[in-house]
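First the structure, in the form of structure tokens, and then the observations on it.
Residue numbers (our numbering): 1 to 396.
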């Protein structure tokens, strides 16, 4: 089967000038000419085509190719820049670039898209079966003060769920927190509050864990070396990097022997705490910065001993699962989605306990292997091989 290629129509280029000529802001994938797009039956949309969002729809596209002719699949994406703008404005842009000649019967999108806006702008899509996937939900996004919360993001997700025909969450935690937060969310509204939304949305929800395509690095772990700690998360506020850096500084001040790799994806705004830590933790740094090569990333995981999360907003955590598959001991906060997935040996209550456990491992690195060997984690439950057929069945 032919692999997908990219194309842009002359109409799009004329309408959108520089953005369309670069066409990094919106890509349409097909191995057919634009005129053949009228035959497309499946529409896949991703307004934030990066990270786990990209991984999911790339896997989904390939799985659907095996089930359907790829000439019947149309994928429309926007690059993973400025999430807040994608969440607010992508519907209008997408309404202009999604093919108008089509035979769409199913569409799939992440909750970044305001589906209500898109359907209002493109009523030809109203009768299409609409599937929305929640990688996360904004109703419980951690803010320092209530006044800091931008209610528009959560409101958009609620409206999107109302418009959708099927709402898929990547964990029970994600679904439960979203549904249970709806009523409280509207308490900030002064009057004329809608009712019964939780029940209406719940009946069309299901949980499908993120399909992890497992792979391993080519190295073996050296338990006679210094403890190698990896932090494989986005360098953003909701992953609480400052908490992790605080623990590292405490380990360093205590004279602990360790190395650290900070390999998460970075976007345009990076906290100054990272820049300061790159200097202050220099003697301990093994790798600092995103690894775009998946092979290099997996090789690093195969060398590391422990993977740490300090997240305040997490609903599955692909990076931690990949690290665990590569025999890293996952150390996660005892909150959010983590207790749903990981046993107690992998959970800590607070930063003090995280420090204590890491300090102990620094003194006895082989003990990490003993814990890893004892951890009971059913990787098949999250395997793409087992889960992708269930995803494909959504398109029937």
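Ideal Cβ placement from N, Cα and C applies to all residues, glycine included. Note that the structure is predicted; figures quoted are calculated from it, not measured.
Residue burial classification, residue i (beta-carbon count within 10 angstroms, cutoff 16)
i	result
residue 85	exposed
residue 317	buried
residue 225	exposed
residue 33	Residue confidence is low: residue 33 scores 48 on pLDDT, short of 50, so the model does not pin down where it sits. Its coordinate-derived value is still stated next. The residue in question, residue 33, is exposed, as its Cβ has fewer than 16 Cβ neighbours within 10 Å.
residue 396	exposed
residue 76	buried
residue 64	buried
residue 101	exposed
residue 352	exposed
residue 293	exposed
residue 270	exposed
residue 364	exposed
residue 275	exposed
residue 151	exposed
residue 161	buried
Of the residues the options, the one placed nearest residue i, counting alpha carbons only
i	options	result
residue 370	353, 160, 306	306
residue 201	152, 310, 168	168
residue 104	190, 340, 355, 41	41
residue 237	166, 319, 283, 266	266
residue 170	110, 191, 332	110
residue 43	246, 108, 59, 385	108
residue 175	155, 206, 183	206
residue 248	138, 137, 282, 264	282
residue 380	321, 356, 280	321
residue 71	259, 289, 62	62
residue 246	229, 261, 220, 277	277
residue 181	334, 293, 155	155
residue 203	354, 347, 374, 166	166
residue 95	392, 53, 46	46
residue 127	332, 149, 163	163
residue 99	332, 125, 151, 363	125
residue 135	97, 57, 373, 121	57
residue 375	301, 319, 39, 331	331
residue 74	140, 83, 39	39
residue 221	69, 140, 161, 300	300
residue 97	121, 372, 82	121
residue 377	55, 356, 323, 354	323
residue 114	55, 153, 141	153
residue 51	356, 69, 83, 188	83
Own chain partners of residue i with C-beta closer than 7 angstroms, once the 5 adjacent residues on each side are dropped
i	result
residue 390	208
residue 240	310, 311, 312
residue 214	325, 379, 383
residue 59	211, 213, 384, 388
residue 334	347, 348, 349
residue 288	262, 278
Same chain only: Cβ atoms within 8 angstroms of residue i, ignoring 5 sequence neighbours per side
i	result
residue 359	251, 254, 256
residue 368	223, 227, 305, 306, 329, 361
residue 273	241, 242, 245
residue 53	46, 80, 110, 112, 135
residue 157	111, 134, 137, 138, 139, 178
Whether residue i touches residue j by CB criterion (7 angstroms)
i	j	result
residue 329	residue 211	no
residue 131	residue 394	yes
residue 264	residue 234	yes
residue 87	residue 117	no
residue 106	residue 129	yes
residue 184	residue 298	no
residue 49	residue 89	no
residue 286	residue 219	no
residue 137	residue 173	no
residue 190	residue 319	no
residue 327	residue 392	no
Same chain only: Cβ atoms within 6 angstroms of residue i, ignoring 5 sequence neighbours per side
i	result
residue 123	none
residue 230	261, 304, 307
residue 186	193
residue 291	263, 297
residue 149	143
residue 314	336, 337
residue 259	226, 228, 284, 286
residue 354	247, 348
Cβ-heavy atom distance, residue i to the ligand ZN, below 6 angstroms
i	result
residue 371	Ligands are entirely absent from the displayed structure, and the ligand ZN is therefore not among its contents.
Inset, instruction - Check whether the region 188-199 touches the region 338-351, counting contact only when three or more Cβ pairs, one atom from each stretch, lie closer than 8 angstroms. - result: no
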